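Data block below; observations after.
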Amino acid sequence: AWEEIMFKILEKKNLAPNVFLVRVEAPRVAKAAQPGQFVIVIADEHAERVPLTIANFDREVGWVDLVVQASGPSTKKLSAKNKGDNLKDFVGPLGVPSDFTELSDDELKKKKFLFVGGGIGAAPVYPQVRYLSERGVHCDVIIGFKNKEAVIYEENFKELNCDLYVCTDDGSYGFDGMVTKKIEDLIENEGKEYDTCVAIGPMIMMKFVCLTTKKYDLHTIVSLNPIMVDGTGMCGACRVSIDGETKFACVHGPEFDGHKVDFDLAMKRQRQYVNVEKNKGQDTGR
Ligand code: FES
Numbered sequence: 017a018w019e020e021i022m023f024k025i026l027e028k029k030n031l032a033p034n035v036f037l038v039r040v041e042a043p044r045v046a047k048a049a050q051p052g053q054f055v056i057v058i059a060d061e062h063a064e065r066v067p068l069t070i071a072n073f074d075r076e077v078g079w080v081d082l083v084v085q086a087s088g089p090s091t092k093k094l095s096a097k098n099k100g101d102n103l104k105d106f107v108g109p110l111g112v113p114s115d116f117t118e119l120s121d122d123e124l125k126k127k128k129f130l131f132v133g134g135g136i137g138a139a140p141v142y143p144q145v146r147y148l149s150e151r152g153v154h155c156d157v158i159i160g161f162k163n164k165e166a167v168i169y170e171e172n173f174k175e176l177n178c179d180l181y182v183c184t185d186d187g188s189y190g191f192d193g194m195v196t197k198k199i200e201d202l203i204e205n206e207g208k209e210y211d212t213c214v215a216i217g218p219m220i221m222m223k224f225v226c227l228t229t230k231k232y233d234l235h236t237i238v239s240l241n242p243i244m245v246d247g248t249g250m251c252g253a254c255r256v257s258i259d260g261e262t263k264f265a266c267v268h269g270p271e272f273d274g275h276k277v278d279f280d281l282a283m284k285r286q287r288q289y290v291n292v293e294k295n296k297g298q299d300t301g302r
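Under the numbering used here, the first residue of the sequence shown is numbered 17, with each subsequent residue one higher.
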């Protein structure tokens with residue numbers, strides 16, 4: 017009976033150096049998943065819980081894709097799993113779906129969205145753009161990476177109804193520069209106008225995207241990835257400060273108004289945790 021509730025890995029692919037796509041058989045999660053939500057994964061009996069934002073899902077076939085960067089012990093363990101292996105636990109979908117999922121198709125069509133994904137944060141942007149694309153809403157999408165080798169999900173986005181701008185920090189592929197520079201370029205040089213920006217990536221990237229969009233008074237949603245333990249609002253590990261108020265990313269988020277997030281506090285908490293837990297600690301891979 018134990019075997020039956022395991023979650024099987026249907027596919028595993030190396031997308032970029034140290035970055036893996038893990039496709040997990042999880043029909044119940046796939047059926048309920050909405051853009052913006054996440055899962056908590058436990059690789060085996062000894063592994064920590066890893067919160068990962070859903071990178072894609074197929075309701076009919078019943079799988080969920082995750083993109084994992086092997087950065088700490090838990091994400092390394094997860095990345096070491098292969099096709100046919102089982103995961104001990106796969107909990108979700110967790111968190112509040114993206115705000116725009118509450119809008120009608122007509123309301124959505126009047127909006128102009130700009131999505132910004134940094135590093136493996138490009139992957140969780142995908143189900144959001146897919147959702148809009150399926151409803152006939154065209155979006156602009158910026159995805160940024162260190163260099164050409166690190167680029168992921170480019171082909172996936174090309175299948176959607178969006179204009180895609182790939183950026184690399186070292187200029188080895190696409191636009192030469194950070195995603196923030198591309199945001200400025202689109203707004204200032206190409207005369208683009210947006211109602212909402214959605215940014216997903218490393219905390220530091222989201223902070224600078226928010227500083228940039230503030231200049232244009234552009235409403236910005238970010239997906240926070242603090243340390244999480246229970247994922248149910250009980251432990252307080254994922255607390256973040258939003259407009260001076262304490263919120264739990266796992267139940268109130270993970271998406272928040274980026275202009276209200278105290279990023280410096282969030283990054284300080286992440287660093288403290290790394291220092292305390294050293295090598296056995298949890299890592300979110302972003
Ligand atoms: Fe425990 Fe959010 S992870 S309260």
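Note that beta-carbon positions come from the ideal geometry of N, C-alpha and C, so glycine has one too. Every value quoted in this text rests on a predicted model; they were computed, and no experiment measured them.
Query, Result
"Stretch pair the region 70–77 + the region 89–105: three plus CB contacts closer than 8 Å", "no"
"Closer than 7 Å: Gly52 CB and nearest ligand 3 heavy atom", "Absence of ligand 3 is noted for the structure shown, with ligand 1 being the only ligands found."
"Cut-off 7 Å between Cβ atoms - residues of its own chain near Lys125, not counting five sequence neighbours on either side", "Gly152, Val153"
"Among Ile158, Pro89, Glu64, Ser188, nearest to Met222 - alpha-carbon criterion", "Ile158"
"For Ala63 and Trp18, the rounded distance between their alpha carbons", "Its pLDDT being 48, under 50, Trp18 is placed unreliably by the model, and the measurement read from it follows with that caveat. Cα-Cα distance, rounded: 18 Å."
"Proximity below 8 Å, CB of Ser239 to CB of Thr69", "yes"
"Among Tyr142, Thr212, Arg285, the one whose alpha carbon lies nearest that of His275", "Thr212"
"Asn30 - containing beta strand (DSSP E), residue span", "23–32"
"Proximity below 8 Å, CB of Tyr147 to CB of Thr117", "yes"
"Three-state secondary structure (DSSP) of Asn102", "strand"
"For Ala166, the nearest candidate out of Glu123, Glu271, Gly135, Thr91 (CA to CA)", "Gly135"
"Which of helix, strand or coil DSSP assigns to Asp85", "This sequence places Gln at residue 85; Asp is not what is there. Residue state, collapsed to three classes: strand."
"Same chain only: Cβ atoms within 6 Å of Lys128, ignoring 5 sequence neighbours per side", "Tyr210, Asp211"
"Best match in Leu176, Lys174, Tyr181 for proximity to Phe161 [C-alpha to C-alpha]", "Tyr181"
"Neighbourhood of Lys28 by C-beta distance below 8 Å, restricted to the same chain and skipping five residues each side", "Phe36, Leu37, Val38, Arg39, Lys97, Asn98, Lys99"
"Residue burial classification, Ile220 (beta-carbon count within 10 angstroms, cutoff 16)", "exposed"
"Contact under 8 Å by Cβ, Val45 with Pro140", "no"
"Rounded separation between Met254 and Glu61 - CA only", "The sequence given here has Cys at residue 254, not Met. Each residue's alpha carbon lies about 22 Å from the other."
"Cβ distance (whole Å) where Val55 is taken to contact Val107 below 8 Å", "6 Å"
"Which of helix, strand or coil DSSP assigns to Val112", "coil"
"Segments of 3+ residues assigned as beta strand (DSSP E) that fall wholly inside the region 227–273", "235–239, 255–258, 261–264, 271–273"
"Supposed contact pair Val225 and Ile199 - C-beta distance, whole angstroms, cut 8 Å", "7 Å"
"Backbone CA spacing between Asp14 and Leu281 [nearest angstrom]", "Because the chain here runs from 17 to 302, residue 14 falls outside it and cannot be looked at."
"Val112 beta carbon near ligand 1 (any heavy atom closer than 7 Å)", "no"
"Whole-angstrom C-beta distance between Ala59 and Ser90, which should lie under 8 Å", "7 Å"
"Sheet register partners of Thr212 (DSSP bridge)", "Phe129, His235"
"Buried/exposed call for Lys263, threshold 16 Cβ in 10 Å", "buried"
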